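Going by the numbering used here, the sequence shown opens with residue 34, and the numbers climb by one from there.
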Amino acid sequence: MHAIVDSTNDIARALAEEGAPEGTAVLAIEQTGGRGRQGRGWISPAGGLWLSIVLRPSLAHDAWPLIGFATGAGAAAAVETVTGAKTQLKWPNDLMLNERKVGGVLVESSGDVAIAGVGINANVLPEALPEGVRAGATTLLASLGRPVDLAALARAVLEQVERFYDLVREGPEAVLDAWRARSFLTGRRVTVAGAQMFEGVAEGIDRAGALLVRTASGVRPVRAADVSIREAGPA
Ligand code: BT5
């Protein structure tokens, strides 16, 4: 447990390079350089759960993307276990509560190591998030109207991520099904902003974890993109 760090993923990576075993966990009260995907920042004030886990997957490399889905499913299950609140997962890596982002997952891999980072806005006041982020975000404190036991949440995330990570070895379907059961986008009209921009209806995820989007010209698998809900208009 650290007080203030740049990013728990960086600390976990450094520990892994020194030989830390699989399952080593790094927690911080506050991050000053919390990271999202593609160089984006992750706002991490005190009160949140900022956690990274060292993994040394004995998996074929084409199965590694499943680690992100396992981590997301684990984070969602943990919040549900500790709070009773129903969460959803927005492809590829957002944890949603009441239609807003309450957390996110960042899995970074190099060599034989993957670092699974989980951020959950637990006991965070919405005012602690900058205005631009607040509009699409929520916190457990704000949504539930009461603080959560952060230590219990941390324990639950570790247990549940381990549970789903272990399932990856048995093949993709069990993990993907757990993820699909919480899918935020399925059945909704979306705008996909990736290599190309297009609209359609999200149909779910395939065996490789690609988002399937039905368009007028057929179903398109989306491997990397930002996807937003499109509220009105034809698909
Ligand atoms: C994520 O990225 O959602 C992954 C977040 C992972 C954070 C954890 S905390 C522990 C570990 N250590 C790290 O340094 N990271 C991991 P992405 O999908 O790229 O979303 C980033 C975007 O979410 C930002 O550009 C903001 O718009 C928004 N955002 C930033 N902070 C937020 C917050 N606290 N709550 C909700 N949305 C936020």
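The beta carbon of each residue, even a glycine, is placed where N, CA and C say it ideally should be.
Keep in mind that this is a model prediction, so the values were computed, not measured.
Under 9 angstroms between C-beta atoms of Ala243 and Val255 | Along the sequence shown, one-based indexing puts residue 243 at 210. Along the sequence shown, one-based indexing puts residue 255 at 222. Contact: yes.
Cβ atoms of Ala108 and Val201: under 9 angstroms apart, would you say?
-> Working through the sequence shown from its first residue, we reach residue 201 at position 168. Working through the sequence shown from its first residue, we reach residue 108 at position 75. Against a cut-off of 9 angstroms, the Cβ pair of Ala108 and Val201 comes out as no contact.
By Cβ distance, which residues of its chain are closer than 6 angstroms to Asn156, with the 5 residues on each side in sequence left out?
-> Working through the sequence shown from its first residue, we reach residue 156 at position 123. Gly80, Leu174 and Pro180.
What residue range is occupied by the uninterrupted beta strand (DSSP E) comprising Ser261?
-> By 1-based counting over the sequence shown, the position of residue 261 is 228. Where Ser261 is concerned, the enclosing beta strand (DSSP E) stretches over Asp259 to Ile262.
heavy atom of the ligand BT5 below 8 angstroms from Trp83 C-beta = Translated into the one-based positions of the sequence shown, residue 83 becomes position 50. It does: the Cβ of Trp83 is within 8 angstroms (strictly closer) of some heavy atom of the ligand BT5.
Between Gly105 and the rest of its own chain, which residues show a CB-CB distance below 7 angstroms, the 5 nearest in sequence each way excluded?
-> Taking the sequence shown and counting its residues from 1, one reaches residue 105 at position 72. Contacts found: Leu122, Asn126, Leu128, Val138 and Trp212.
What is the residue span of the beta strand (DSSP E) that Phe231 lies within?
-> Locating residue 231 in the sequence shown gives position 198, where the first residue counts as 1. That run of the beta strand (DSSP E) goes Met230 to Ile238.
List the endpoints of the continuous alpha helix (DSSP H) containing Val112.
-> As a first step, residue 112 is located in the sequence shown; it is residue number 79 there, counting from the start. Run containing Val112: Pro98 to Thr116, per the alpha helix (DSSP H) assignment.
Cβ pair Gly76, Val166 closer than 9 angstroms | For this step, residue 76 is matched to residue 43 along the sequence shown. For this step, residue 166 is matched to residue 133 along the sequence shown. Reading off the sequence, residue 76 comes out as Ile, not Gly. A contact, by the Cβ cut-off of 9 angstroms.
Leaving out five residues on either side along the sequence, give the residues of the same chain with a beta carbon under 7 angstroms from the beta carbon of Gly237.
-> Residue numbering aside, residue 237 sits at position 204 when the sequence shown is read from its first letter. Cβ within range, chain order: Arg213, Ser216, Thr219 and Leu245.
In whole angstroms, what separates the C-alpha of Ala189 from that of Glu164?
-> What you label residue 189 is simply residue 156 of the sequence shown in a count that begins at 1. What you label residue 164 is simply residue 131 of the sequence shown in a count that begins at 1. For Ala189 and Glu164, the distance between alpha carbons rounds to 30 angstroms.
In whole angstroms, what is the alpha-carbon distance linking Gly74 and Asp39?
-> Your numbering for residue 74 matches position 41 in the sequence shown. Your numbering for residue 39 matches position 6 in the sequence shown. Spanning the two alpha carbons is a distance of roughly 11 angstroms.
Tell me whether Asn131 counts as near the ligand BT5, meaning its Cβ is closer than 8 angstroms to at least one heavy atom of that ligand.
-> If you number the sequence shown from 1, residue 131 lands on position 98. Asn131 Cβ: outside cutoff for every heavy atom of the ligand BT5.
Whether Val146 touches Val87 by CB criterion (9 angstroms) = Reading the sequence shown from its first residue, position 113 is the one you call residue 146. Reading the sequence shown from its first residue, position 54 is the one you call residue 87. Taking 9 angstroms as the Cβ cut-off, Val146 and Val87 qualify as a contacting pair.
Within 9 angstroms, strictly: CB atoms of Ser85 and Ala45 | Here residue 85 corresponds to residue number 52 of the sequence shown, with the count starting at 1. Here residue 45 corresponds to residue number 12 of the sequence shown, with the count starting at 1. The answer is yes: Cβ separation under 9 angstroms.
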